[in-house]
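Peer 1: Chains as they are written, first to last, in our numbering: chain U, 910 to 1157; chain P, 910 to 1157. Right, I'll just put the structure down here and ask away after.
Number of protein chains: 2
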Amino acid sequence: MLTQERHQLILQQLAQYGTVKIKELILLTDASESTIRRDLSELENAGQLTRIHGGASTINTISHELSFPEKSTKNQVEKMAIAKAAASMVEDEEYIYLDAGSTTYEMIPYLQNKKIVVVTNGITHIDALSNYEITTYLTGGYVKHNTKALVGQGATTSMESYRFDKCFLGVNGVDFNYGFTTPDPEESFIKKTALRYSQKSFALADFTKLNKVSFSKIADLEDMTLITNETEDNRLLPYKNLSNIKVV
Amino acid sequence: MLTQERHQLILQQLAQYGTVKIKELILLTDASESTIRRDLSELENAGQLTRIHGGASTINTISHELSFPEKSTKNQVEKMAIAKAAASMVEDEEYIYLDAGSTTYEMIPYLQNKKIVVVTNGITHIDALSNYEITTYLTGGYVKHNTKALVGQGATTSMESYRFDKCFLGVNGVDFNYGFTTPDPEESFIKKTALRYSQKSFALADFTKLNKVSFSKIADLEDMTLITNETEDNRLLPYKNLSNIKVV
DNA sequence: CAGTTTTCAATCATAAACTTTCAAAAACGT
DNA sequence: ACGTTTTTGAAAGTTTATGATTGAAAACTG
Chain U
910 MLTQERHQLI LQQLAQYGTV KIKELILLTD ASESTIRRDL SELENAGQLT RIHGGASTIN
970 TISHELSFPE KSTKNQVEKM AIAKAAASMV EDEEYIYLDA GSTTYEMIPY LQNKKIVVVT
1030 NGITHIDALS NYEITTYLTG GYVKHNTKAL VGQGATTSME SYRFDKCFLG VNGVDFNYGF
1090 TTPDPEESFI KKTALRYSQK SFALADFTKL NKVSFSKIAD LEDMTLITNE TEDNRLLPYK
1150 NLSNIKVV
Chain P
910 MLTQERHQLI LQQLAQYGTV KIKELILLTD ASESTIRRDL SELENAGQLT RIHGGASTIN
970 TISHELSFPE KSTKNQVEKM AIAKAAASMV EDEEYIYLDA GSTTYEMIPY LQNKKIVVVT
1030 NGITHIDALS NYEITTYLTG GYVKHNTKAL VGQGATTSME SYRFDKCFLG VNGVDFNYGF
1090 TTPDPEESFI KKTALRYSQK SFALADFTKL NKVSFSKIAD LEDMTLITNE TEDNRLLPYK
1150 NLSNIKVV
């Protein structure tokens, strides 16, 4: 990746979110920590940003915070790492279902330049997918106001017209006995539908979701490949022996 | 490959991506590294690009980002007046189809507090509709990157599940003989579908669209009620005697 | 506030990109 | 066909960018 490309990416992230962490930039650019630090120094000297502990922020953070919604930075780096691993599963010429949700959203930058077709029920994904010029279809359906996800009969019906090589679903609970779960039965039903029409399915869950059980069941553990991240404790222990698990 | 061809290719890549790597150019041209370097030097001396470590970039990458910002607020006042009049046609308990486009978008603030259900193919409408807590369904379909409108078979199919009391469509051409027209046949087809499933239909067009004919026909004049605005000239003259016209 | 973890700046060796040079190949003109 | 000019690709030596390492500084934790 060219120096200028990195600089542009950094400034773009800042314009979008107001702040950015070094670890996020490392994931986005595949550059080393040293390189990112050098980039931030240069951009700071050029007066394009201000460095803060752990990352950088726009010069005038105040105005930005008011006009733009803050990126929820909770487990952001973990989510990006998982998203990156998930995106690496995608190959050219494939048809992909991308679930609504923040983790699947983070996959989009890593799908750049892949010759794929994406179907999604996440309205928030559309802008990013358009920016990267990825061919996109949206399912129809009822608009959930809080999450901007499409659900209901309209969503499932429109999915019946499609078949996917791979689907990527966010899940809120992973449990050895209860399998994959999520709070909203409506969304759960959409996920199940995606699952049914996909050759291969992936569940994205950061470590905070492990050994949690949510309300509505999506599938059993063996039905999807779990993509999650390493932790220092032994939360992952029950799953270590599973064949369909990828730990980043 | 001719020198001139290479130069053209380099400039074309730059125009498309803003930056280009030397390794990419080697692959694209089958020329040696030395040759590409010479090309870049020459083009830099000619003031056509700036070389950077690893490749080259356009002189002012900033201009690319500046082209983004604001879309023309052309005829904004007229559009709002028309939108307001259109929204006043909507009554409680009705099921409404709201077409994608800037004029129909302006209707949304005026729909506040109405107990209605809205179906739309305009992704850009969703945020506003959510803000006003209006029950919303989105049609599915292919995402047109530039307009963020949903089109294609998926869109029309999903509309078949719905029936509307009223639909509001933006049109680009209104002509006494040719009726209502719009540039994109795909979008035209969606509008026709909405029309078919609506009890009553409204076409929104500011005075600049009058006596214009666009490529793809939507309907005849008598099929929709035209909502447009007053002008000082006599553009409106041919339509004055129509029963289904509302001038604001 | 002491101990731990994370982040940071500085340094250095390596790898990648760059410039210069030169000889071979291709294109050109007579 | 012959010599001349232009273009090309490879090689040498130079510069720049990068990633790993290390100890210091800052933030976090109990």
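Positions of the beta carbon are idealized from the N, C-alpha and C atoms, including for glycine.
So which residues on chain U does Gly964 of chain P lean against when the C-beta distance must stay under 8 Å?
Peer 2: For Gly964 of chain P, the chain U residues whose C-beta falls within less than 8 Å of its own C-beta are Leu911, listed in chain order.
Peer 1: Determine, using beta carbons only, whether Met1133 of chain P and Ala1103 of chain P come nearer to each other than 8 Å.
Peer 2: no
Peer 1: Distance cutoff 8 Å, beta carbons only. Does Ile1035 of chain P sit that close to anything in chain U?
Peer 2: yes
Peer 1: What three-state label does DSSP hand Phe1073 of chain U in the structure shown?
Peer 2: strand
Peer 1: Which residues of chain U have a Cβ atom closer than 9 Å to the Cβ of Tyr1051 of chain P, listed in chain order?
Peer 2: Thr1044, Thr1045, Tyr1046, Leu1047
Peer 1: Which residues in the same chain as Glu1141 of chain U place their Cβ atom closer than 8 Å to its Cβ, once the five residues preceding and following it in sequence are excluded?
Peer 2: Excluding its 5 nearest sequence neighbours in each direction, Glu1141 of chain U has no C-beta neighbour in its own chain below 8 Å.
Peer 1: Compare the C-beta of Ile1032 of chain P with all C-beta atoms of chain U and state if any pair is closer than 8 Å.
Peer 2: Judged by the 8 Å Cβ criterion, Ile1032 of chain P is in contact with chain U.
Peer 1: Give the interface partners of Thr1066 of chain U over in chain P, defined as CB-CB distance under 9 Å, in chain order.
Peer 2: Gly1049, Thr1066, Ser1067, Ser1070
Peer 1: Anything in chain P within Cβ reach of Leu1059 of chain U, meaning under 7 Å, just list it in chain order.
Peer 2: By Cβ distance, chain P contributes Leu1047.
Peer 1: Buried or exposed for Val986 of chain P, going by 16 or more other Cβ atoms inside 10 Å?
Peer 2: Result: exposed.
Peer 1: Assuming contact is defined by CB atoms lying nearer than 8 Å, are Gly1050 of chain U and Ala1064 of chain U in contact in what I supplied?
Peer 2: yes
Peer 1: For the segment 944 to 954 of chain P against the segment 1124 to 1131 of chain P, do three or more pairs of beta-carbon atoms, one drawn from each stretch, fall closer than 8 Å, so that the two count as touching?
Peer 2: no
Peer 1: In whole angstroms, what is the alpha-carbon distance linking Thr944 of chain P and Asn969 of chain P?
Peer 2: Taking the Cα positions, Thr944 of chain P is about 25 Å away from Asn969 of chain P.
Peer 1: If contact is defined by three or more beta carbon pairs under 8 Å, each pair taking one atom from either stretch, is the segment 998 to 1005 of chain P in contact with the segment 1018 to 1027 of chain P?
Peer 2: Because the criterion of three Cβ pairs below 8 Å is met, the segment 1018 to 1027 of chain P and the segment 998 to 1005 of chain P touch.
Peer 1: Count the other C-beta atoms from every protein chain shown that fall within 10 angstroms of the C-beta of Gly1031 of chain U, then say buried if there are 16 or more, exposed otherwise.
Peer 2: buried
Peer 1: I need the DSSP call for Ala1103 of chain P, collapsed to helix, strand or coil.
Peer 2: helix
Peer 1: With a 10 Å radius around its C-beta and 16 neighbouring C-beta atoms as the bar for buried, classify Ala1162 of chain U as buried or exposed.
Peer 2: With chain U running from 910 to 1157 in the structure shown, residue 1162 of chain U is simply not present.
Peer 1: Does DSSP put Leu975 of chain P in a helix, a strand or coil?
Peer 2: Any reading at Leu975 of chain P must be qualified, since the residue scores a pLDDT of 38, below 50, and its modelled position is unreliable; the value itself is stated next. DSSP places Leu975 of chain P in helix when its eight states are reduced to three.
Peer 1: Tell me which residues share the same chain as Ala994 of chain U and place their Cβ nearer than 7 Å to its Cβ, disregarding the 5 neighbours each side in the sequence.
Peer 2: Ile1136, Lys1155, Val1157
Peer 1: Start and end of the beta strand (DSSP E) containing Ile919 of chain U?
Peer 2: Here Ile919 of chain U belongs to no beta strand (DSSP E); instead the alpha helix (DSSP H) covers 912 to 926.
Peer 1: Can you give the Cα-Cα distance for Ala990 of chain P and Leu1047 of chain U, rounded to whole angstroms?
Peer 2: 32 Å
Peer 1: In chain U, what lies closer than 7 Å to Ile961 of chain P by C-beta?
Peer 2: Leu911, Thr912, Gln913
Peer 1: Would a C-beta distance cut-off of 8 Å place Leu1113 of chain U and Thr1012 of chain U closer than the cut-off?
Peer 2: yes
Peer 1: Identify, in the order they occur along the chain, each residue of the same chain with its Cβ nearer than 8 Å to the Cβ of Pro1092 of chain U, setting aside the five sequence neighbours on each side.
Peer 2: Asn1081, Ser1123, Phe1124, Ser1125
Peer 1: Is there a C-beta anywhere in chain P that falls below 8 Å from the one on Ile941 of chain U?
Peer 2: Per the sequence shown, the amino acid found at residue 941 of chain U is Ser instead of Ile. No, Ser941 of chain U does not count as interfacial toward chain P.
Peer 1: Among P:Ile1035, P:Gly1010, P:Tyr1041, P:Tyr1006, which residue has its Cα nearest to the Cα of Lys1198 of chain P?
Peer 2: With chain P covering 910 to 1157 only, the question about residue 1198 of chain P has no answer from this structure.
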